[in-house]
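Mapped onto this note's numbering, the consecutive letters of the sequence shown carry residue numbers 104 to 431. Report on the structure given below.
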Amino acid sequence: MEKQPTRSFEPQEQFKDYQFGLIDPRSIPEAKVANEKLFENPYGVLGIEVTIPAYAEKCTLGNIDPQHSDGNVDLAAIEVAQTLEVPPSGASMVTVRADIDALGAMALLKHRASGGEVTSEMIARIQNIASSDKFARGGWPGKTDLPSKEQPWPKSGSASETESLAAIAARVMDFKAPLADRMKSVEEYLTTGTEPAGYREKVEAERADMAAALEKGAIKIEMFAGGNIAYVESSHRAGTSLGYSQAPVVVAFNPAFKQGPGEAYRKYTVCQYEGTWADLVAAKNELAQLEEGWGGSPNIIGSPQGKSSELSPEQVITIVKKHLKPRE
Numbered sequence: 104m105e106k107q108p109t110r111s112f113e114p115q116e117q118f119k120d121y122q123f124g125l126i127d128p129r130s131i132p133e134a135k136v137a138n139e140k141l142f143e144n145p146y147g148v149l150g151i152e153v154t155i156p157a158y159a160e161k162c163t164l165g166n167i168d169p170q171h172s173d174g175n176v177d178l179a180a181i182e183v184a185q186t187l188e189v190p191p192s193g194a195s196m197v198t199v200r201a202d203i204d205a206l207g208a209m210a211l212l213k214h215r216a217s218g219g220e221v222t223s224e225m226i227a228r229i230q231n232i233a234s235s236d237k238f239a240r241g242g243w244p245g246k247t248d249l250p251s252k253e254q255p256w257p258k259s260g261s262a263s264e265t266e267s268l269a270a271i272a273a274r275v276m277d278f279k280a281p282l283a284d285r286m287k288s289v290e291e292y293l294t295t296g297t298e299p300a301g302y303r304e305k306v307e308a309e310r311a312d313m314a315a316a317l318e319k320g321a322i323k324i325e326m327f328a329g330g331n332i333a334y335v336e337s338s339h340r341a342g343t344s345l346g347y348s349q350a351p352v353v354v355a356f357n358p359a360f361k362q363g364p365g366e367a368y369r370k371y372t373v374c375q376y377e378g379t380w381a382d383l384v385a386a387k388n389e390l391a392q393l394e395e396g397w398g399g400s401p402n403i404i405g406s407p408q409g410k411s412s413e414l415s416p417e418q419v420i421t422i423v424k425k426h427l428k429p430r431e
């Protein structure tokens, strides 16, 4: 690949650090009060993938959400952050889900605003994050072997399921660590490629545990629609990756999904390797008629955030199967 030139930016005069915040998706009063405080910054608030309309409207500096709100599955938030006008000094940036794309976009905007250089090495890391976020790795390669003790990492998947990004992705999703500390880790990773201490060992151990669980039958995988849909039931974060090793469309059900400090809840994620396999927007709309709060983009949709889905796996699979696209 041709080497990208180094990009430099003039720092904002007397740059004052940004504030970063996580929106709590739960509908409880305490969450709503905490969320309202995030939008009180007089310098303005920029949203990064704020997928809850009521809060997206409060983002006075706009909302970077190309895949969900704009339907542009070929663009990740961190890519938008490469050229977006940086927020005013002292502004806030908020997101709903602390993933490497959202926090990476925040870190990149801060780096640019403070006059940091965007080197060719940084651009390579940005592109790697964007590719994992969009599942942009070409067409579905076909059915492959499930992870094993000998070969635990898949060839494709989201950041947490990609070997080169798994450690920083785990740090980003570690809700026990203060957001400010996680942001520092992302900034360091983007600028130097340094992984946070201890997380590489953690993710390698998790992959080994997952391989062992597969061997013991503790992770449930079933095939539907002539092998075009893989249903994966597991509390492991690698549900989508496991599904993609078997089928181009995945219905992943986590009976104990954990996000932030709240209680674990039942969570569905429905995704396709690329947009040619199913009309997930139509599936999302039909699922939302049965259960309010389903959302997402043309390539990935999910049940309501912050509360348990009441739908059965059979209901979800039936609707997704209905909206598979005909193959030539």
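Cβ coordinates follow ideal geometry from the N, Cα and C atoms, glycine included. Every value quoted in this text rests on a predicted model; they were computed, and no experiment measured them.
Check: How would you call K425, buried or exposed, if buried means at least 16 neighbouring beta carbons within 10 angstroms?
Finding: exposed
Check: Is the closest heavy atom of the ligand NAD to the C-beta of P407 under 7 Å?
Finding: The ligand NAD is not part of the structure shown, which contains no ligands of any sort.
Next item on the list: Whole angstroms is fine: what's the gap from P108's alpha carbon to V221's?
Entry: Its pLDDT being 44, under 50, P108 is placed unreliably in this model, and the coordinates cannot settle the point.
Next item on the list: Leaving out five residues on either side along the sequence, give the residues of the same chain with a beta carbon under 7 Å from the beta carbon of E291.
Entry: T297
Next item on the list: Assess, as a yes-or-no matter, whether the stretch 362-378 is touched by the stretch 399-409 under the definition of 3 or more beta carbon pairs within less than 8 Å.
Entry: yes
Next item on the list: Less than 8 Å between the CB atoms is what I'm expecting for V289 and A210, so what's the real figure, rounded?
Entry: Distance from V289 to A210 at the Cβ level is roughly 4 Å; contact confirmed, criterion being Cβ atoms closer than 8 Å.
Check: Are the stretch 383-395 and the stretch 148-167 touching, with three or more C-beta to C-beta distances below 8 Å?
Finding: no
Item checked: Proximal residues to Q122 (C-beta, below 8 Å), its chain only, five neighbours per side dropped -> N144, G193, A194, S195, M196
Next item on the list: Count the other CB atoms, across all protein chains shown, that sit within 10 Å of the CB of L427; report buried if there are 16 or more and exposed otherwise.
Entry: buried
Item checked: Among M286, A328, N357, the one whose alpha carbon lies nearest that of R430 -> A328
Next item on the list: Pull up the distance between the alpha-carbon of A184 and that of S344, whole angstroms please.
Entry: 27 Å
Next item on the list: Tell me whether Y146 sits in a helix, a strand or coil according to DSSP, three-state version.
Entry: coil
Notebook entry, point to check: What residue does the beta strand (DSSP E) around Y371 start on, and which one ends it?
Noted result: 368-375
Next item on the list: Compare the C-alpha of K361 against each of E395, K119, R129 and name the closest.
Entry: R129
Note to self: Going by C-alpha to C-alpha distance, which of A216, I229, E309 sits closest to D204?
What the structure shows: I229
Check: Of all the alpha helix (DSSP H) runs that stay within the bounds of the stretch 252-313, which reach a length of 4 or more residues?
Finding: 269-275, 282-295
Notebook entry, point to check: Looking only at its own chain, which residues have a Cβ that is under 6 Å from the Cβ of A272, when we skip the five neighbours before and after it?
Noted result: I203, A262, S263
Next item on the list: Following the continuous alpha helix (DSSP H) through S223, name the residue where it begins and the one where it ends.
Entry: 223-237 is the extent of the alpha helix (DSSP H) around S223.
Margin query: Taking its Cβ as the centre, do 16 or more other Cβ atoms sit within 10 Å of K213, making it buried, or is it exposed?
Written below: buried
Next item on the list: Give every residue of the same chain whose Cβ lies closer than 6 Å to the Cβ of L141, excluding the five residues on either side of it in the sequence, and list them in chain order.
Entry: Result list for L141: G124, V197, in chain order.
Margin query: Give the list of continuous alpha helix (DSSP H) stretches no shorter than 4 residues that lie fully inside the stretch 390-419.
Written below: none
Margin query: With DSSP as the reference, identify every bridge partner of N166, one or two as the case may be.
Written below: G150
Check: Smallest Cα separation from S217: which of E188, Q392, A201, I181?
Finding: Nearest neighbour of S217 by Cα position, chosen from E188, Q392, A201, I181, turns out to be E188.
Check: Could you give the C-beta distance for K252 and A314, rounded to a whole number, given that I count them as a contact under 8 Å?
Finding: 5 Å
Margin query: Three Cβ pairs or more, each shorter than 8 Å: is that satisfied between the stretch 344-358 and the stretch 315-334?
Written below: yes
Note to self: Quick test of your reading: M225 and T294, contact by CB under 8 Å. State the CB separation rounded to the nearest angstrom.
What the structure shows: Between T294 and M225 the Cβ distance is about 6 Å, and since that is below 8 Å, they are a contact.
Check: What is the DSSP secondary structure of Y334, counted as helix, strand or coil?
Finding: strand
Margin query: Once the 5 residues before and after N357 are set aside, which same chain residues still bring their CB inside 6 Å of it?
Written below: S338, K370
Notebook entry, point to check: Any idea what DSSP makes of I324, helix, strand or coil?
Noted result: strand
Notebook entry, point to check: Is it the case that the Cβ atoms of A232 and I181 are separated by a distance below 8 Å?
Noted result: First, the residue type needs correcting, since residue 232 is Ile and not Ala in the sequence shown. Result yes, Cβ atoms of I232 and I181 sit closer than 8 Å.
Check: With 16 other CB atoms within 10 Å as the buried threshold, where does G301 fall?
Finding: When all chains shown are included, G301 counts as exposed.
Item checked: Separation of S235 from P190, as counted between CA atoms -> 26 Å
Notebook entry, point to check: Taking the Cβ atom as the reference point for each residue, do V423 and A381 lie within a distance shorter than 8 Å?
Noted result: yes
Notebook entry, point to check: What did DSSP end up calling V384 once you bin it into helix, strand or coil?
Noted result: helix
Check: Skipping 5 residues on each side, what residues in its chain have a beta carbon closer than 8 Å to that of S415?
Finding: Answer for S415: no residue qualifies.
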